[in-house]
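K.L.:
Just dropping this structure here.
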Amino acid sequence: MNTALPTTPLAWVNGSDAPEKTSLDIGFMALTDCAPVVVAATQGFAQLHGLTLNLRRQASWAGLRDKLVSGELDAAHCLYGLVYAVHLGLGGVPSHAMAVLMGLNQNAQALNLSPALQRKGVTSPEALSRLVHQHGARLTFAQTFPTGTHAMWLYYWLASQGIHPLQDVRSVVVPPAQMAAHLQAGRIDGFCVGEPWSADAVAKGLGFTLATSQSIWPDHPEKVLGATRSFVEQYPNSARALLKAVLAASRFIEQCQENRRSTAQLLSGKAYLDAPLGSIEPRLLGDYQDGLGNQWHDPHALRLFDQGRANMPYLSDGMWFMTQFRRWGLLREDPDYREIAHQVQQLDLYRQAAEAIGVPCSYPLMRSSLLIDGSRWDGSDPYGYARSFRLHALDDALGTRAGL
Numbered sequence: 426m427n428t429a430l431p432t433t434p435l436a437w438v439n440g441s442d443a444p445e446k447t448s449l450d451i452g453f454m455a456l457t458d459c460a461p462v463v464v465a466a467t468q469g470f471a472q473l474h475g476l477t478l479n480l481r482r483q484a485s486w487a488g489l490r491d492k493l494v495s496g497e498l499d500a501a502h503c504l505y506g507l508v509y510a511v512h513l514g515l516g517g518v519p520s521h522a523m524a525v526l527m528g529l530n531q532n533a534q535a536l537n538l539s540p541a542l543q544r545k546g547v548t549s550p551e552a553l554s555r556l557v558h559q560h561g562a563r564l565t566f567a568q569t570f571p572t573g574t575h576a577m578w579l580y581y582w583l584a585s586q587g588i589h590p591l592q593d594v595r596s597v598v599v600p601p602a603q604m605a606a607h608l609q610a611g612r613i614d615g616f617c618v619g620e621p622w623s624a625d626a627v628a629k630g631l632g633f634t635l636a637t638s639q640s641i642w643p644d645h646p647e648k649v650l651g652a653t654r655s656f657v658e659q660y661p662n663s664a665r666a667l668l669k670a671v672l673a674a675s676r677f678i679e680q681c682q683e684n685r686r687s688t689a690q691l692l693s694g695k696a697y698l699d700a701p702l703g704s705i706e707p708r709l710l711g712d713y714q715d716g717l718g719n720q721w722h723d724p725h726a727l728r729l730f731d732q733g734r735a736n737m738p739y740l741s742d743g744m745w746f747m748t749q750f751r752r753w754g755l756l757r758e759d760p761d762y763r764e765i766a767h768q769v770q771q772l773d774l775y776r777q778a779a780e781a782i783g784v785p786c787s788y789p790l791m792r793s794s795l796l797i798d799g800s801r802w803d804g805s806d807p808y809g810y811a812r813s814f815r816l817h818a819l820d821d822a823l824g825t826r827a828g829l
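The sequence shown begins at 426 in my numbering and counts up by one.
Structural data, given as structure tokens:
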């Protein structure tokens with residue numbers, strides 16, 4: 426039963442903006458990019474907007490998805506692709522109307538390879554391609570969720586190196602915090618994961634970072650604050666208050682280096698990432714070392730705010746994930762890319778929240794980006810873009826695997 430207070434589109438402006446539900450259960454995974462949610466819940470930002478956020482750490486993305494859809498969680502730190510997969514009914518679950526409230530971050534995921542490959546001298550994209558194509562090695566790579574961002578970065582990067590991710594290698598799902606253990610046990614040869622688990626593996630001597638996700642797509646979309654559409658419709662004021670709290674927390678984290686450092690310290694606690702500070706703080710600050718002796722400050726490291734640029738629910742970001750679902754045969758036919766993105770991205774709600782706390786939100790709904798393979802994505806032709814790649818699985822739905 427809908428228990429929301431009676432509202433009109435502008436009722437919240439006229440003073441009826443008190444959250445309909447003041448205690449919200451918020452899911453998250455133990456990843457550095459959950460920072461805005463944790464800071465909002467624990468550092469007073471939620472309370473400022475009339476909310477109590479009860480943080481619920483999840484063991485897997487599948488578990489988080491199921492609890493979000495069932496209503497056990499009100500909202501969650503989500504993979505961009507997870508929200509769209511549920512909305513489209515992919516991954517063996519019924520279609521369920523979903524909502525992206527805001528972006529939580531850009532960048533800061535990574536592709537690591539094993540110590541065994543390092544010992545063989547497979548420490549460059551070219552060496553990996555030679556191993557796969559000339560020596561017939563059938564390597565196994567892990568990602569965190571079949572339609573998630575890590576699967577899409579892994580597939581995109583491999584394909585950019587001429588390696589077909591669905592034919593030339595195996596792909597398995599492993600929860601983020603378990604990646605290093607699977608690598609150490611020899612069950613996988615590499616993985617794509619969010620921080621701090623790439624840096625943590627390097628720190629433990631368990632291989633090296635071959636590529637960062639920002640080298641695939643500088644300032645790419647990554648995690649979002651996700652909810653079901655029914656939550657937004659039933660509790661619009663709560664959703665808006667949640668947005669304001671998390672946006673304010675995102676802004677706070679990036680106000681100065683000290684705030685970033687204190688956030689890293691907070692995240693290292695047992696209730697959140699339960700990981701060494703030394704595996705969290707450097708890459709959160711943009712300082713990378715890859716395990717091969719290379720060190721650099723990354724200009725496209727973790728972005729949680731960037732004057733609201735990292736938080737805007739761009740239509741083109743949501744559309745991109747759908748083009749990759751189509752490219753790899755997860756979608757059997759083309760969706761109405763723009764219309765579905767309009768349904769999922771909660772642009773009006775986001776703008777209301779952003780304007781209320783002084784966060785810039787006049788950015789274009791479509792943004793243009795140049796990816797690692799030289800392709801430009803701007804959202805103008807998703808149908809053509811999905812068909813523009815030499816390596817794909819567009820015909821999988823026909824059972825032919827033609828053109829691969």
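Built from N, CA and C at the ideal position, the CB exists for glycine as well.
Arg544 lies in the alpha helix (DSSP H); which residues open and close that run?
P.N.:
Taken as a continuous stretch (DSSP letters only), the alpha helix (DSSP H) holding Arg544 covers 540-544.
K.L.:
Looking at Ala465: is its Cβ nearer than 9 Å to the Cβ of Ala779?
P.N.:
Cβ distance not < 9 Å, so Ala465 and Ala779 don't count as in contact.
K.L.:
Are Leu536 and Leu504 close, meaning C-beta to C-beta below 9 Å?
P.N.:
In this structure, Leu504 does not lie closer than 9 Å to Leu536 by Cβ.
K.L.:
Which residues does DSSP pair with Leu449 in a beta bridge?
P.N.:
Leu478, per the DSSP bridge assignment.
K.L.:
In terms of residue numbering, what span does the alpha helix (DSSP H) encompassing Phe656 cover?
P.N.:
Element bounds for Phe656: 654-659.
K.L.:
For Asp699 and Val462, what's the separation of their Cα atoms in angstroms?
P.N.:
Computed Cα separation, rounded: 16 Å.
K.L.:
From which residue to which residue does the alpha helix (DSSP H) around Arg686 run?
P.N.:
Start and end: 682-692.
K.L.:
Should Pro646 be labelled buried (16 or more other beta-carbon atoms within 10 Å of its own) or exposed?
P.N.:
Answer is buried; the Cβ neighbour count reaches 16.
K.L.:
Could you tell me the boundaries of the beta strand (DSSP E) in which Gly488 lies?
P.N.:
First-last for Gly488: 486-495, but that is the alpha helix (DSSP H), not the beta strand (DSSP E).
K.L.:
From Gly743 to Ser448, what does the alpha carbon distance come to, in whole angstroms?
P.N.:
Using only the alpha carbons, I get a separation of about 29 Å.
K.L.:
Measure the CB-CB distance between Trp582 and Met604 and report whether it falls below 9 Å.
P.N.:
In this structure, Met604 does not lie closer than 9 Å to Trp582 by Cβ.
K.L.:
Look up Val649 in the DSSP assignment and say whether it is helix, strand or coil.
P.N.:
Strand.
K.L.:
Could you give the distance in angstroms between the alpha-carbon of Arg665 and the alpha-carbon of Arg490?
P.N.:
So the alpha carbons of these two residues sit roughly 21 Å apart.
K.L.:
If you count every other CB in all the chains shown that lies within 10 Å of the CB of Lys648, and 16 or more means buried, which is it?
P.N.:
Lys648 comes out buried.
K.L.:
Classify Trp753 as buried or exposed, calling it buried when 16 or more other Cβ atoms lie within 10 Å of its own Cβ.
P.N.:
So Trp753 ends up on the buried side.
K.L.:
Are Gly630 and Pro540 closer than 9 Å when you measure CB to CB?
P.N.:
In contact: Gly630 and Pro540 (Cβ atoms closer than 9 Å).
K.L.:
Does any residue of chain B bring its CB to less than 9 Å from the CB of Thr572?
P.N.:
Protein chains in the displayed structure number just one, and chain B is not present.
K.L.:
Provide the residue span of the beta strand (DSSP E) that contains Thr565, from first to last.
P.N.:
It spans 565-568 - the beta strand (DSSP E) in which Thr565 sits, taken as one unbroken run.
K.L.:
Using 10 angstroms around the beta-carbon of Arg419, count the other beta-carbons present and answer buried if the total reaches 16, otherwise exposed.
P.N.:
Outside the shown range of the chain (426 to 829) lies residue 419, about which nothing can therefore be said.
K.L.:
Below 8 Å, can you find three or more Cβ-Cβ pairs linking the segment 771-786 to the segment 701-718?
P.N.:
Not touching, per the Cβ criterion.
K.L.:
What is the DSSP secondary structure of Asn537, counted as helix, strand or coil?
P.N.:
Residue state, collapsed to three classes: strand.
K.L.:
Given this structure, state the Cα-to-Cα distance separating Ala791 from Tyr739, to the nearest angstrom.
P.N.:
Just to set this straight, residue 791 is Met in the shown sequence, not Ala. In a straight line, the C-alpha of Met791 is about 6 Å away from that of Tyr739.
K.L.:
Report back the beta-carbon spacing between Ala455 and Tyr697 to the nearest angstrom; my notes put them in contact at under 8 Å.
P.N.:
Going by Cβ atoms, the distance from Ala455 to Tyr697 rounds to 7 Å, so yes, they are a contact pair.
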